[in-house]
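So for the sequence shown, our numbering puts the first residue at 9; every next one is plus one. For each residue, glycine too, the CB sits at the ideal point set by N, CA and C. Only a predicted model underlies this, so the values are computations on that prediction, with no experimental measurement involved.
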Amino acid sequence: MSDNNKRGRLFVYSGASGVGKGTIMKRLLAEDSTVRLSVSATTRAPRPGETHGKEYFFVTREEFDEMIENNGFMEYATYCDNSYGTPKKAVEEELEKGNNVFLEIDVKGALNIIRDYPECVSIFILPPDFETLEKRLRKRATETEEQIRFRLETALREISFSDRYTYNVVNGDIDKAVEEVLSIIRKETGRE
Ligand code: 5GP
Numbered sequence: 009m010s011d012n013n014k015r016g017r018l019f020v021y022s023g024a025s026g027v028g029k030g031t032i033m034k035r036l037l038a039e040d041s042t043v044r045l046s047v048s049a050t051t052r053a054p055r056p057g058e059t060h061g062k063e064y065f066f067v068t069r070e071e072f073d074e075m076i077e078n079n080g081f082m083e084y085a086t087y088c089d090n091s092y093g094t095p096k097k098a099v100e101e102e103l104e105k106g107n108n109v110f111l112e113i114d115v116k117g118a119l120n121i122i123r124d125y126p127e128c129v130s131i132f133i134l135p136p137d138f139e140t141l142e143k144r145l146r147k148r149a150t151e152t153e154e155q156i157r158f159r160l161e162t163a164l165r166e167i168s169f170s171d172r173y174t175y176n177v178v179n180g181d182i183d184k185a186v187e188e189v190l191s192i193i194r195k196e197t198g199r200e
């Protein structure tokens, strides 16, 4: 238990792909010991370097559908042809332990969580501008041109929902963005 038997807080964390969300998340995990990242289940194939149980639980369509039927997800959504879902039990256990659980999920999933768990704190990471976003997405080079273009379109659509989140953080300078999110966590968990 990290903080006087206090239940942890649920954080919803989104941003267009390529915005540096993952990099910020790694720093949050390293710099705030109360932060936990929920590991989602997905039907997407692993990218090189991704491990089952670490970035995602990579499951078959059948396994995913079975989890839906068993009411095992807090939310789930389809993104670029693949399904992604937040396992309910693991998140609940971490919150009970007093940890602050981050759900790194797309806008559709986030809006469902904001509706179903109104006590959550939602954070949207924005790129400083569209050119930077495109450059970052291309540098990753794990997707085809068509996939990149689709992700860019999806990104623009997602950014239009950023005003539904409690906080917007612009990732121009990574250190500043990390400090801003850490300060949001401290504020929302009464440590400021
Ligand atoms: P990627 O394929 O790049 O890992 O993730 C694609 C998108 O799916 C990202 O916006 C990511 O945040 C989102 N995502 C990952 N896990 C979940 C989840 O459990 N639920 C929802 N709704 N979106 C997720």
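Given 6 Å as the limit, tell me if residue i has its C-beta closer than that to any heavy atom belonging to the ligand 5GP.
i: E142; result: no
i: T94; result: yes
i: R148; result: no
i: R165; result: no
i: I113; result: yes
i: R52; result: yes
i: Y173; result: no
i: Y125; result: no
i: G117; result: yes
i: S48; result: yes
Only counting the same chain, and skipping five residues up and downstream in sequence, which positions put a Cβ closer than 6 Å to that of residue i?
i: P54; result: F66
i: T150; result: R55
i: R52; result: N90
Here's a check: name, in chain order, each residue in its chain whose Cβ is nearer than 7 Å to the Cβ of residue i, leaving out the five neighbours to either side.
i: F81; result: M75, G93, T94, P95, K96
i: Y125; result: L18
i: A118; result: V20, S22, S130
Determine the direct distance from the alpha carbon of residue j to that of residue i, and round the result to whole angstroms.
i: N78; j: D181; result: 42 Å
i: K14; j: G106; result: 5 Å
i: E200; j: E71; result: 43 Å
i: D73; j: Y84; result: 11 Å
i: E154; j: E104; result: 43 Å
i: T86; j: R159; result: 13 Å
i: T31; j: R157; result: 22 Å
Can you list, in chain order, the residues of its chain with a C-beta nearer than 8 Å to that of residue i? Leave out the 5 residues immediately preceding and following it.
i: V27; result: I133, L134, P135, L141, R144, A163, N179
i: E39; result: V186, L190
i: T42; result: S10, D11, G16, G106, N107, N108, I193, T197
i: M33; result: Y21, L45, F110, E112
With residue i and residue j assumed to form a contact (beta carbons below 8 Å), what rounded beta-carbon distance in angstroms separates them?
i: I193; j: Y175; result: Their Cβ separation, rounded to whole angstroms, is 10 Å, which puts I193 and Y175 out of contact at 8 Å.
i: Y173; j: S130; result: 4 Å
* At least three beta-carbon pairs within less than 8 Å, the segment 17 to 27 to the segment 165 to 179 -> Touching, yes.
* To do: Check whether the segment 45 to 54 touches the segment 87 to 99, counting contact only when three or more Cβ pairs, one atom from each stretch, lie closer than 8 Å.
  => yes
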